[in-house]
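Trainee: Following our numbering, the numbering of the sequence shown begins with 32 at its first residue and continues without gaps. Backbone N, C-alpha and C define an ideal beta-carbon position, used for all residues, glycine too. Before we start, here is the structure in question, set down as structure tokens.
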Amino acid sequence: MKVPELFGSMVFNDAVMKERLPKDVYKTLRKTIIQGTALDPEIANVVANAMKDWALSKGATHFTHWFQPMTGVTAEKHDSFISPCADGTVIMEFSGKELIKGEPDASSFPSGGLRATFEARGYTAWDPTSYAFIKDQTLCIPTAFCSYTGQILDKKTPLLRSMDAISNQACRVLKLFGKNVRRVTTTVGPEQEYFLIDKKDYAKRPDLILTGRTLFGAMAPKGQEMEDHYFGSIRPRVKRFMEDLDEELWKLGICSKTEHNEVAPCQHEMAPIFSTTNIATDHNQLAMEVMKKVADRHGFVCLLHEKPFEGVNGSGKHNNWSISTDTGENLLEPGKSPSSNAQFLLFLTAVIKAVDEYQDLLRISVANAGNDHRLGANEAPPAIVSMFVGDELEAILESIISGTDYTDVTRTMMNVGASVLPDIPKDSTDRNRTSPFAFTGNKFEFRMLGSTFNIACPNVMLNTAVAEELRQFAEELEAAADFDKALAALVQREVTAHQRIIFNGNGYGEEWPAEAERRGLLNLHSTPDALPHYTDKKNIRLFQNHGVYTEVEMRSRQEIGLEEYSKTIHIEALTSIDMLGKLILPAVLEYSGKLAENVAVKKSIGVNAPAETAMVQTLTDKAAALADKKAALETVLANVPADTEAAAHYYHDSVIAAMDDARAIADELEMMVGKKYWPFPTYGDLLFYV
Ligand code: ADP
Ligand code: MG
């Protein structure tokens, strides 16, 4: 296999465009892609035709507009290229109109009330900044998804808008440093965690099939305590999966770079090389899909759920994020000269202020039922948003606040940027793995995301919040008579005001929540606690001002989030009831019945059977208790309040508690019932296959 030839072979990328498009068309399209200018409809036909010819040469027969509705997963509706002719034959056609716009039936996608209000039919619109690609003999065209009245119904549109917002404001700020930059983009490298389990075991677990996680299961005799899986040698079967996965991802132009084992048994990670946020988002969606498909080919099931197994670390996603110019400058790279220092410190200050003022939005962007199991459970960062900057940078910020000189072993820095900042080695900034938002030398790593997430939302929050701070800074500095003085004053003032968000200590520590409370930081424990803050006045103002969301769009998203949370737990509760009634209780009764027969037989021939007798009694008592808990769960589930927000809280407080009560007894019973009577594979079977 020749990797360079394989790489991107299924992507209508720049090289293919250059080769297949007339020069002037190629140039116009490039301009649209790089500068984010509007697409010239004139060229659409030419592009569509070239795309079709290329796709046919790769064996494609169909095309689809590929989009990301608010369900979080991607959607597609396939049409064939076939167009009938008068003489009964067909030709393969694809018009510019079909490339630019599609009209999938929007009614079955969540809209959070948007459609009811606006009678909105949906349409999809080509996003030329993300390359078209071929998947399963289908030409996939990345698109945005909107209603006819213009309300956005997807995750890509707000992301593109937020990228415009931060670009506009960052360019303004850079102008003050004498730089004429036309476009600034945010870049993201998302590290993706996942579990691989055997397909045969999966097929026997209704909870995994219906909810993506195990709702029952006693801990296996061995868990992750030996720490022998992390970076450990990879099982040959898994190794073959990873090789195949890399190949499939490379074909799609996804730079999968590292594959390794994670902390939990059967847990692995895939990290790509970073790209612009929009493409990173599309690629991460694709990667998750490809992982599942490739797993299937290898007799595995790929679990992307945030918490497939209780008592075993769950899966997350690290969103490595930075800002760079179209001239190739990383704006979060500490400078090598006094003026680039000052520029770095200004962008750093914008991020600090943004994370502090919009803690709630960052928290909301990582809130769902699955991730609630992880955040604050000592396996992922706490639910409290804070920032880690490392010792050097913190010392520099301290000296800025106190107005004293910063001195390290080799040099002194007076005022903002008056001397060269020390090089900040990556290892000194990367030691803290417990921080939700860590500076790692030239980028920030947002570590709170759950493994199933579409990364668009967290990046919409980050981009827009930082855009707002840059806007404020630009306004102030544009009006200043003495730029250097104004800049130094601004940085000092804002770092002082938002210092509370910086925490370099142990995020898992018991003292931290109390300390965070003293600092006035938010601690939004659960999804129902977090989501209502979405439409706080300051947040509506933020998104409106930057043209990212209207208030109506925000309310719809909030409602969808709350409903999705309640629905998820509702399905889990119904699945629990089902498994208790149809699998677990019957197994316990069968086993205890068998024991009771043994006891009777033994007694009939005058043999005492104290062990069996005691076991029958305990099993019978516990089965009764379990039946009670099942009935209690049914009652709880029958009394869900109608109001969306109240319902979400009720699912969190009452339904989950009732499920946990039943599970505790079921898991005890699992330890007492003979293996061949237990109706589904145990944690030991699932996690320690060969
Ligand atoms: P770790 O496991 O230590 O967190 P990795 O090297 O596995 O680090 O992942 C780091 C991720 O950060 C990679 O996806 C990498 O491409 C990405 N990254 C590096 N530089 C940038 C940048 N400037 N912007 C965004 N992401 C970046
Ligand atoms: Mg990481």
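1) By the 10 Å Cβ neighbour count, where 16 or more other Cβ atoms means buried, how is R213 classified, buried or exposed?
2) Would you kindly report the start and end of the unbroken alpha helix (DSSP H) that includes W281?
3) Just to check, is the beta-carbon of S466 closer than 8 Å to a non-hydrogen atom of the ligand ADP?
4) If you pair each beta-carbon of the region 649-665 with each one of the region 692-701, do three or more pairs fall below 8 Å?
5) With a 10 Å radius around its C-beta and 16 neighbouring C-beta atoms as the bar for buried, classify Y179 as buried or exposed.
6) Let me know the alpha helix (DSSP H) ranges lying completely inside the region 518-565, each 4 residues or longer, listed in chain order.
7) Should L227 and V332 be called a contact, given that it needs their Cβ atoms to be closer than 9 Å?
8) Which stretch, first to last residue, makes up the beta strand (DSSP E) that contains H349?
9) Could you tell me the distance, in whole angstroms, from the CA atom of A449 to the CA atom of V497?
10) Pairing CB atoms from the region 226-243 with CB atoms from the region 309-321, are three or more of them under 8 Å?
11) So, at 8 Å on beta carbons, what are the nonlocal neighbours of R283 in its own chain, with the 5 sequence-adjacent residues on each side left out?
12) Alpha helix (DSSP H) containing S198: first to last residue?
13) Got a sec? Which residues, its chain only, sit under 6 Å from F534 by beta carbon, not counting five neighbours each side?
14) So is E542 buried or exposed if we call it buried at 16+ other beta carbons inside 10 Å?
15) Could you tell me the distance, in whole angstroms, from the CA atom of V491 to the CA atom of G551?
16) Alpha carbon to alpha carbon, what distance is there between M101 and V704?
17) Closest by CA to D45, which one among E621, K58, K384 and T606?
18) What does a CB cutoff of less than 6 Å around H336 pick up in its chain, not counting 5 residues either side in sequence?
19) Tell me whether W709, by its Cβ, gets closer than 8 Å to a heavy atom of the ligand SAM.
20) Does the distance from the C-beta atom of K348 to that of E548 stay below 9 Å?
21) Alpha helix (DSSP H) containing A326: first to last residue?
22) Which residue comes first and which comes last in the beta strand (DSSP E) that contains W97?
23) Need the endpoints of the alpha helix (DSSP H) that I240 sits in, please.
24) Which residue comes first and which comes last in the alpha helix (DSSP H) that contains G127?
25) Beta-carbon separation of F477 and L501 under 9 Å?
26) Less than 9 Å between the C-beta atoms of C177 and T160, yes or no?
27) F149 to K231, Cα distance in whole Å?
28) If we ignore side chains and look at the alpha-carbon of each, how far apart do I354 and N361 end up?
29) Select from D515, F378, R192 and T651 the residue whose C-alpha is nearest the C-alpha of F475.
30) Grab the span of the alpha helix (DSSP H) containing G181 for me, first residue to last.
31) Can you find the residues in the same chain that come closer than 6 Å, C-beta to C-beta, to Y539, ignoring five residues on each side of it along the sequence?
32) Quick check on this structure: which residue in E124, T68, C116 and G220 has the alpha carbon closest to the alpha carbon of V78?
33) Mind reading off the beta-carbon distance from P303 to G359? Whole number of angstroms is fine, and I expect it under 8 Å.
34) So the candidates are A69, T63, Q66 and V56; which of them puts its Cα closest to the Cα of N80?
35) Which class does C297 belong to by DSSP, given the choice of helix, strand or coil?
36) Using DSSP with H/G/I as helix, E/B as strand and the rest coil, what is A693?
Mentor: Result, derived from the coordinates:
1) Along the sequence shown, one-based indexing puts residue 213 at 182. Exposed is the call here.
2) Locating residue 281 in the sequence shown gives position 250, counting from the first residue. Segment P267 to K282, the alpha helix (DSSP H) holding W281.
3) As a working note, residue 466 is residue 435 in the sequence shown. It does not: the Cβ of S466 is nowhere closer than 8 Å to a heavy atom of the ligand ADP.
4) Taking 8 Å as the limit for Cβ pairs, the verdict is that the region 692-701 does touch the region 649-665.
5) Position 148 of the sequence shown, counting from 1, holds the residue named residue 179. Exposed.
6) Fully enclosed alpha helix (DSSP H) runs of 4 or longer: 543-549 and 558-561.
7) Reading the sequence shown from its first residue, position 196 is the one you call residue 227. Reading the sequence shown from its first residue, position 301 is the one you call residue 332. Between L227 and V332, the gap from beta carbon to beta carbon is short of 9 Å.
8) Reading the sequence shown from its first residue, position 318 is the one you call residue 349. H349 -> beta strand (DSSP E) spans G347 to T356.
9) Taking the first residue of the sequence shown as 1, we reach residue 449 at position 418. Taking the first residue of the sequence shown as 1, we reach residue 497 at position 466. At A449 the pLDDT is 49, less than 50, meaning the model places this residue with poor confidence; the figure from the coordinates comes in the next sentence. C-alpha separation (whole angstroms): 25 Å.
10) Counting Cβ pairs under 8 Å, fewer than three are found: no touch.
11) Indexing the sequence shown from 1 puts residue 283 at position 252. Rather than Arg, the amino acid found at residue 283 in this sequence is Leu. So the list reads G39, M41, V42, F164, K166, H314, L317 and V321, once near-sequence residues are dropped.
12) By one-based count along the sequence shown, residue 198 stands at place 167. Membership of S198 in the alpha helix (DSSP H) is indicated by the continuous run K187 to L207.
13) Counting from 1 along the sequence shown, the entry for residue 534 is found at position 503. Once the five neighbours on either side are set aside, the close Cβ partners of F534 are S417.
14) As a working mapping, residue 542 is identified with position 511 in the sequence shown. Residue environment analysis places E542 among the exposed positions, since fewer than 16 neighbouring C-beta atoms fall within 10 angstroms of its C-beta.
15) Reading the sequence shown from its first residue, position 460 is the one you call residue 491. Reading the sequence shown from its first residue, position 520 is the one you call residue 551. Distance between the alpha carbons of V491 and G551 is about 25 Å.
16) On the sequence shown, position 673 is the one that residue 704 refers to. On the sequence shown, position 70 is the one that residue 101 refers to. Answer to the nearest angstrom: the Cα atoms are 44 Å apart.
17) Sequence index remark: in the sequence shown, residue 45 carries index 14 (1-based). Comparing alpha carbon positions, the residue from E621, K58, K384 and T606 closest to D45 is K58.
18) Counting from one through the sequence shown, the residue named residue 336 turns up at place 305. Within the same chain, H336 has close Cβ partners G243, R244 and G401.
19) Within the structure as shown, the ligand SAM is missing, the only ligands being the ligand ADP and the ligand MG.
20) The residue given as residue 348 occupies position 317 in the sequence shown. The residue given as residue 548 occupies position 517 in the sequence shown. No, the Cβ-Cβ distance between K348 and E548 is not below 9 Å.
21) Along the sequence shown, read from residue 1 onward, the residue named residue 326 stands at position 295. Taken as a continuous stretch (DSSP letters only), the alpha helix (DSSP H) holding A326 covers T308 to R328.
22) One-based indexing of the sequence shown puts residue 97 at position 66. Element bounds for W97: H93 to F98.
23) Residue 240 sits at position 209 when you count from the first residue of the sequence shown. Element bounds for I240: P237 to T242.
24) For the purposes of this step, residue 127 is taken as the residue at position 96 of the sequence shown. Here the alpha helix (DSSP H) through G127 covers G127 to I131.
25) Within the sequence shown, residue 477 is the residue found at index 446, counting from 1. Within the sequence shown, residue 501 is the residue found at index 470, counting from 1. Not closer than 9 Å, so no.
26) For the purposes of this step, residue 177 is taken as the residue at position 146 of the sequence shown. For the purposes of this step, residue 160 is taken as the residue at position 129 of the sequence shown. No, the Cβ-Cβ distance between C177 and T160 is not below 9 Å.
27) In the sequence shown, the residue the question calls residue 149 occupies position 118. In the sequence shown, the residue the question calls residue 231 occupies position 200. Note on F149: pLDDT 46, under 50, position unreliable in the model; no value is reported.
28) In the sequence shown, the residue the question calls residue 354 occupies position 323. In the sequence shown, the residue the question calls residue 361 occupies position 330. Roughly 6 Å separates the two Cα atoms.
29) As a working note, residue 475 is residue 444 in the sequence shown. Out of D515, F378, R192 and T651, F378 has the C-alpha closest to the C-alpha of F475.
30) Taking the first residue of the sequence shown as 1, we reach residue 181 at position 150. Under the DSSP assignment, G181 falls outside any alpha helix (DSSP H); it carries neither an H nor an E label.
31) For this step, residue 539 is matched to residue 508 along the sequence shown. Taken in chain order, the residues that qualify are N409 and T465.
32) Taking the first residue of the sequence shown as position 1, residue 78 is located at position 47. If we check each option's Cα against that of V78, E124 comes out closest.
33) What you label residue 303 is simply residue 272 of the sequence shown in a count that begins at 1. What you label residue 359 is simply residue 328 of the sequence shown in a count that begins at 1. That pair is no contact at about 20 Å.
34) Position 49 of the sequence shown holds residue 80. Here the closest residue by C-alpha is V56.
35) On the sequence shown, residue 297 is found 266 positions in, with the first residue counted as 1. In the three-state scheme derived from DSSP, where H, G and I count as helix and E and B as strand, C297 is classed as coil.
36) Position 662 of the sequence shown, counted from the start, is the residue given in the question as residue 693. In the structure shown, A693 sits in a helix (DSSP, three-state: H, G or I).
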